[in-house]
Each structure stands twice: as structure tokens, then as C-alpha cells.
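K.L.:
With full-length UniProt numbering, the residue at position 35 of the sequence shown is 35, and numbering never jumps. Positions of the beta carbon are idealized from the N, C-alpha and C atoms, including for glycine.
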Amino acid sequence: MTSRVTEFYNGKSVFITGGTGFVGVCLIEKLLRCCPDIGNLYLLMRPKKGKQITERLEELTKNSVFNRLKEDKQTDLFKKLIAVAGDVGEENLGLSLEDRATLINKVEIVFHSAATLDFEADLRSTTNINLLGTRKIVQLCQEIKNLKVNQYSERKFAFIINCIF
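1) Flag this pair as yes or no: are the beta carbons of alanine 114 and glycine 24 separated by less than 9 angstroms?
2) Between the Cα of glutamate 7 and those of Phe15, Cys35 and Ala121, spot the shortest distance and give me the residue it belongs to.
3) So the candidates are Tyr9, Arg124, Phe78 and Ser96; which of them puts its Cα closest to the Cα of residue 174?
4) Compute the distance between the beta-carbons of arginine 135 and aspartate 72, then report whether it is under 9 angstroms.
5) Give the DSSP-derived three-state secondary structure of alanine 121 in the structure shown.
6) Going by other Cβ atoms of all chains shown within 10 Å of its Cβ, with 16 needed for buried, is serine 96 buried or exposed?
7) Can you confirm whether the segment 118-136 touches the segment 100-109 when touching is taken to mean that 3 or more C-beta pairs between the two stretches lie within less than 8 angstroms?
8) Could you have a look at alanine 114 and say whether DSSP puts it in helix, strand or coil?
9) Quick one: residues in its chain with C-beta nearer than 6 angstroms to the C-beta of glycine 94, no 5 flanking neighbours on either side, listed in chain order?
10) Going by Cα to Cα distance, which pick from Ile53, Glu55, Asn67 and Ile82 is closest to valine 14?
11) Whose C-beta lies closer than 6 angstroms to the C-beta of isoleucine 137 among residues of the same chain, with five residues either side of it excluded?
12) Going by beta-carbon coordinates alone, are isoleucine 16 and leucine 57 separated by less than 9 angstroms?
13) For asparagine 67, does the count of other Cβ atoms within 10 angstroms reach 16, so buried, or fall short, so exposed?
14) Kindly identify the DSSP beta-bridge partner or partners of valine 149.
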């Protein structure tokens, strides 16, 4: 018997920011494992430390959090992971016109968990990523034709506030 959650995600495509971070990786694993009939998972990724997004996507699938999928021989689900070049800190999320159109036309669910937690970063950079990046995601969501859910993860900010006070 399938759950209502699994049924909800069946065939739906998802856009995820912060997919290479702790929360994002756990989210991706859970979606693939518990909702195997989910549509594509579009992951906003940027080149980092000399590695292109295709290389970073390959590394992501090697994360130990996916061991259960590998043990259950469900690695074919990794084909649902699609790296989309972009950056929440850039104008229009750094998306190409083609990628933006794909997201607008195909995505139904958005999880925004991208952020910087670099306490050494200057305020302008942190604001651009954490605050204005969120605004850019909301603006994109307003254009998505069949948006069902937009989930924003702000646990990281609660943690920071608790540490400061």
C-alpha cells in the first residue's frame, strides 16, 4: 500500500537548491528512496573548487547517504537527478534561458535550502545569497506554471540565532 505522500510525489518534478548541502542530500535520498515514481529532481548547482556541475553531481551520488539505495539496487533512480547550472547569488539565479524555461514548464515542487553559513563572509555576500537568493527563488516560483509546493528551509537561521543569543 502506498502512502499519500508517495502518491502526491508520483510523476511530479522537483527543483532543489542547496542539494549538495547536508539538508539537501538527505532530502534527495529520502525522495528517491520513498517516492521511486517521482519525476525528475532538478538540482541547482554551480561549479566549485575547480569541478564542473556534472562532476559534482557524480560526486553527490557517491555520498554514503545513498548506500541504502545502492544496497537495494535502486541506483537507476540516480537518472532522475538533473544538474542545472546556476547560483542563488547571481542575477536570475544564473540560469540559462533554456534551463529557466524547463523549470517554469516542468517543475511542480520547489525546495529551497541553499544558503551560506560562512561566518567569515562579508555581510553583502551573505545578504545576497541568503536573503536576495530567497527572493529570486520566490520570483521564479511565481512564474512556474504548475507549482504545487514551495518549501523554504530556515532551520540554519534558527541555529545561528540560537548561537548568537
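P.N.:
In short, the structure shows the following:
1) Note that the C-beta distance between alanine 114 and glycine 24 is below 9 angstroms.
2) Cys35
3) The requested residue 174 is not part of the displayed model; the chain covers only 1 to 165.
4) no
5) coil
6) exposed
7) no
8) coil
9) Once the five neighbours on either side are set aside, the close Cβ partners of glycine 94 are Gly86 and Asp87.
10) Residue nearest to valine 14 within the set Ile53, Glu55, Asn67 and Ile82 is Ile82 (criterion: CA-CA distance).
11) His112
12) Cβ distance not < 9 angstroms, so isoleucine 16 and leucine 57 don't count as in contact.
13) exposed
14) Valine 149 is bridged to Ile109.
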